[in-house]
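Its first residue numbered 621, the sequence shown is counted upward by one per residue in this note's numbering.
What follows is one structure encoded as structure tokens, with my remarks underneath.
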Amino acid sequence: MTREEFVEQFGGVFEHSPWIAERAWDHDRIDDPLTSVGVHEAMCAEFRTASRKARTEVLRAHPDLAGRLALANQLTASSRAEQAGAGLDRLTPEELERFTELNQRYMEKFGFPFIIAVRGHDKTSILEAFEERVTHSEDDEFDVACGQVERIAGFRIADMIKGDAA
Ligand code: GUN
């Protein structure tokens, strides 16, 4: 596989942040044959050693859950599938209002959107996690959000390298 092919395939695993795939390749972290665990560890190593500013930008590259972009059908394919998988494309008007209010409060407090790896969650458990996490301190929540981004990346990679679980 070439660098270009690798970045083409895995560049979107960290939302809108292909530099993570590029650096993982350039630092010779990618073994042949690809395994989902290997690719995930290589990319997480780049993410974790990036500056706080760069990691904040990765967080900020995520769309709101049940937000404006989702309503306007402007999500990446991965994000759309994840949000639909958790039922977030089928909210009642009251639930949508709850998400909108929480999205606003969370963004005002932390400066990045609420991110949760939605697999295994439904809208009720997502709202519960949302209500709890919005009470966190800034440093605690930054760490939780980065962990969730890594988890989302793991699921996306595992879906791409079939038959292999990250
Ligand atoms: N969790 C899984 N996918 C997404 C996403 O696209 N945006 C946010 N905010 N959280 C997610």
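The C-beta atom is built at its ideal place from N, Cα and C for all residues, glycine as well.
Your pair L722 and V754 checks out as a contact, with CB atoms roughly 6 Å apart and the cut at 8 Å. Listed in chain order, the non-local C-beta contacts of H741 below 8 Å within the same chain comprise A706, A749, local neighbours out to five positions each way being set aside.
Per DSSP, the unbroken alpha helix (DSSP H) holding I640 starts and ends at 639-646. At least one heavy atom of the ligand GUN sits closer than 7 Å to the Cβ of L685.
Around the beta carbon of S699, a 10 Å sphere encloses 16 or more other beta carbons of the protein chains shown; the residue is thus reported as buried.
Where H660 is concerned, the enclosing alpha helix (DSSP H) starts and stops at 656-669. If you draw a straight line from the Cα of G658 to the Cα of A778, it is about 11 Å long. In terms of Cα proximity to A674, the closest of A704, F762, W645 is F762. Taking a cut-off of 8 Å on C-beta distances, the region 765-779 touches the region 630-646, as three or more cross pairs fall below it. In this structure A701 is not in contact with I735, their Cβ atoms being roughly 16 Å apart against a cut-off of 8 Å. For I781, same chain residues with a beta-carbon under 8 Å away, outside a window of 5 residues either side, are L654, T655, S656, V659 in chain order. In terms of Cβ geometry, V738 and Q694 do not form a close pair [threshold 8 Å]. Leaving aside the five residues that flank A641 on each side, the residues in its chain whose CB is nearer than 6 Å to its CB run, in chain order, V627, F630, G631. The residues A686, in chain order, have a CB closer than 6 Å to that of F719 in the same chain once the five nearest residues on each side in sequence are set aside.
In this chain, K782 is not harboured by any alpha helix (DSSP H), its DSSP state being neither H nor E.
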